[in-house]
Each structure stands twice: as C-alpha cells, then as structure tokens.
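**Q** Sequential numbering from 6 applies to the sequence shown in my numbering.
Don't be surprised by glycine CBs; every beta carbon is placed ideally from N, CA and C.
Please read all numbers here as calculations on a predicted model, not as lab measurements.
Quick one: structure below, then a few questions.
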Amino acid sequence: MFREASSILGSAGFDHYEVSSYARPGNRCIHNRAYWANEPFWGFGMGATSHIGGARLPRPRIMREYSKCVPAIKHQDPRMAWWRVSAPGRSASPTAHHNLLRLSSRWVERLESNGWEAAAIGGATLEPPGSVDELQTRVMLGLRTNRGVSLSELKRPEQPEGLATAAFDACVKVAEQNPQWATVMRSESQNFDCLDRRAALGDGDEALAEPRVVLNDPEGLLFSNEVISSIFAEMERRI
C-alpha cells in the first residue's frame, strides 16, 4: 500500500515531502514543519508533548489521569512552573534542565499523592542542544523528509568538535552500503531535477549544491526505521 500510494499520488502531482505526508506544490503543512526541523513548540491537551529548551514534556494520554493532571498544573508554584524555565526559541541552561527534572519529579509526587500510579505520567526527556541525543533526533527527523540531511545542518556551536562530521559520515556510509534505500546527492542535478530539489529544500542555490543524504522514495522511506537504526549504530562506533 505504501508503494502504491507513492506511485499514484506522485503521478497525480503530489510531493512526498515527509514519510507520511503528501502535498501539491505550495500546499505543505506549515504547522508540521516545526516538528521536522526540531524547533520548539507547545503542546496542549491530553497526550500532547511540548518541546521547550531541549526538553520534551509529555502530558497523560488517558482521560482519567489527565483530569487529575490539570489541577496539579493549575496549583503549581508559579515561580517553579516549567513554562517559565525556558521559552520557545531559547535554549535552557544546565540549571534550567535540572529544574525541569526536579519539577517533573515534584509533579509526579503530587499526582501520586492523589492516587496516581507512578507510570501514569512520564518525566521530561532532555535533549540538550549539542548533545548526541539531540543530534540523533535531528538526523532522524531530517531523514524522514525529502530534504534529507547535510553536514552544515547537523552542526551546532554547542557540539563537541567533530560530532556532526561523524554523524554525517555515518549517514554517507550507510547510504552507500544500501543504495536501494538511500542516496548521497553530491550535486544539484543528481537524482532530482533542479526544480524538484529547489522545492524540497527551499534554501536557494547554496543548499542545492551541498552534499546531502536522502532516503529514496518509496523504498527508503518505507524502511526508514531500519536505515536510521543502522546510522545510529554507525554513529555509536564513530563517537
């Protein structure tokens, strides 16, 4: 079915711009672009997750538990509220990350005191900017799109020296070992014509000329979990 969808929708002029998303030119979902770019965002309501200051903060996914979560949030000490620790677009400091964890623990304790089970809510998952976890997330998200990943996009000023290079080299190695799933595009014209690449990247001539690793449609996207797992394993060997 995945292959058939790619063929039928592609023939009808739909761009397979993300592993589970298609759109005609100019009609991509703007809202979801923040997710694929690993940008900060707020999540509200049952089951929602916020991504703020390098921390992912989940809310309960079951109504009974969420109904207890809301008053727990409402009655938190406003000086300790996690939404004051780091605003969207600003990285949290190590102290802020510590506060996030501490608040998450206090939150669970309060909910447990109201009859919750400890597993009813997860604590914050930290992906500090420049960390291996944050880099792996950006590799995964980039490869889910037809933009793929490039070395310059994986670099961050907070990273240890050589970390982004090791990650991109891992992407290249796995792509070259599995040409049925992934492609290393070393020039603007390789595999995509100029107009298609420009629409996918949206960053002008400089981005078009930069080497990138992209999963093939449909096979690479269909087996994206396997490809990304192989890249992570190769990254672990290199770092």
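When DSSP labels each residue in this structure, what does A17 get in the three-state scheme?
**A** Taking the sequence shown and counting its residues from 1, the one referred to as residue 17 is at position 12. Coil at A17, not helix or strand.
**Q** When the Cα atoms are used, what is the spatial distance from E70 to L62?
**A** As a first step, residue 70 must be located in the sequence shown, where it is residue number 65. As a first step, residue 62 must be located in the sequence shown, where it is residue number 57. Taking the straight line from one Cα to the other gives about 16 Å.
**Q** Output the boundary residues of the beta strand (DSSP E) element that contains S55.
**A** Here the question's residue 55 lines up with position 50 in the sequence shown. Where S55 is concerned, the enclosing beta strand (DSSP E) stretches over 54–57.
**Q** Identify which residue in E9, S155, L156 has its Cα closest to the Cα of A17.
**A** Within the sequence shown, numbered from 1, the residue matching residue 17 stands at position 12. Taking only the C-alpha atoms, the option nearest A17 is E9.
**Q** To the nearest angstrom, how far is it from the Cα of R29 to the Cα of F19?
**A** Sequence index remark: in the sequence shown, residue 29 carries index 24 (1-based). Sequence index remark: in the sequence shown, residue 19 carries index 14 (1-based). About 4 Å.
**Q** Taking E158 as the reference, give the member of Y22, G15, A42, G48 with the closest Cα.
**A** As a first step, residue 158 is located in the sequence shown; it is residue number 153 there, counting from the start. Checking every option, the nearest Cα to that of E158 belongs to A42.
**Q** Cβ atoms of V24 and L226: under 8 Å apart, would you say?
**A** For this step, residue 226 is matched to residue 221 along the sequence shown. For this step, residue 24 is matched to residue 19 along the sequence shown. Result yes, Cβ atoms of L226 and V24 sit closer than 8 Å.
**Q** Decide yes or no for the touch test of the segment 176–188 against the segment 42–61: beta carbon pairs closer than 8 Å, at least 3 of them.
**A** no
**Q** Could you check what DSSP says for E23 in three-state terms: helix, strand or coil?
**A** Residue 23 sits at position 18 when you count from the first residue of the sequence shown. Correct three-state label for E23: strand.
**Q** Between which two residues does the beta strand (DSSP E) harbouring M190 extend?
**A** Residue 190 sits at position 185 when you count from the first residue of the sequence shown. Annotation for M190: the continuous beta strand (DSSP E) segment containing it runs 187–190.
**Q** At what residues does the alpha helix (DSSP H) containing V154 begin and finish?
**A** Against the sequence shown, residue 154 aligns to sequence position 149. Run containing V154: none; DSSP gives neither H nor E here.
**Q** From V166 to I233, what does the alpha carbon distance come to, in whole angstroms?
**A** In the sequence shown, residue 166 corresponds to position 161, counting from 1. In the sequence shown, residue 233 corresponds to position 228, counting from 1. A small fix is needed here, since residue 166 is Glu in this sequence, not Val. When rounded, the distance between both Cα atoms is 23 Å.
**Q** Report the three-state DSSP secondary structure of S110 (helix, strand or coil).
**A** One-based indexing of the sequence shown puts residue 110 at position 105. With a pLDDT of 47 at S110, under the threshold of 50, the modelled position of this residue cannot be trusted; read the value that follows with caution. Helix, per DSSP.
**Q** Going along the chain, which residues of its own chain have a beta-carbon closer than 7 Å to the beta-carbon of S235, five neighbours each way excluded?
**A** Numbered from 1 along the sequence shown, position 230 holds the residue referred to as residue 235. Correct list, in chain order: V179.
**Q** Have a look at R149 and N221 and give me their C-alpha separation to the nearest angstrom.
**A** If you number the sequence shown from 1, residue 149 lands on position 144. If you number the sequence shown from 1, residue 221 lands on position 216. Straight-line Cα distance between these residues: approximately 10 Å.
**Q** So which of G147, N230, R217 has the shortest CA-CA distance to N37?
**A** The residue labelled residue 37 in the question sits at position 32 within the sequence shown. It is G147.
**Q** Residues bridged to L220 by DSSP?
**A** Residue numbering aside, residue 220 sits at position 215 when the sequence shown is read from its first letter. BP columns for L220 point to A187.
**Q** Can you tell me whether A175 is helix, strand or coil according to DSSP?
**A** Reading the sequence shown from its first residue, position 170 is the one you call residue 175. Helix.
**Q** Output the distance between the C-alpha atoms of A175 and S72, rounded to the nearest integer angstrom.
**A** Sequence index remark: in the sequence shown, residue 175 carries index 170 (1-based). Sequence index remark: in the sequence shown, residue 72 carries index 67 (1-based). Cα to Cα, A175 sits roughly 45 Å from S72.
**Q** Tell me which residues share the same chain as E139 and place their Cβ nearer than 7 Å to its Cβ, disregarding the 5 neighbours each side in the sequence.
**A** Here the question's residue 139 lines up with position 134 in the sequence shown. Correct list, in chain order: G59, E132, P133.
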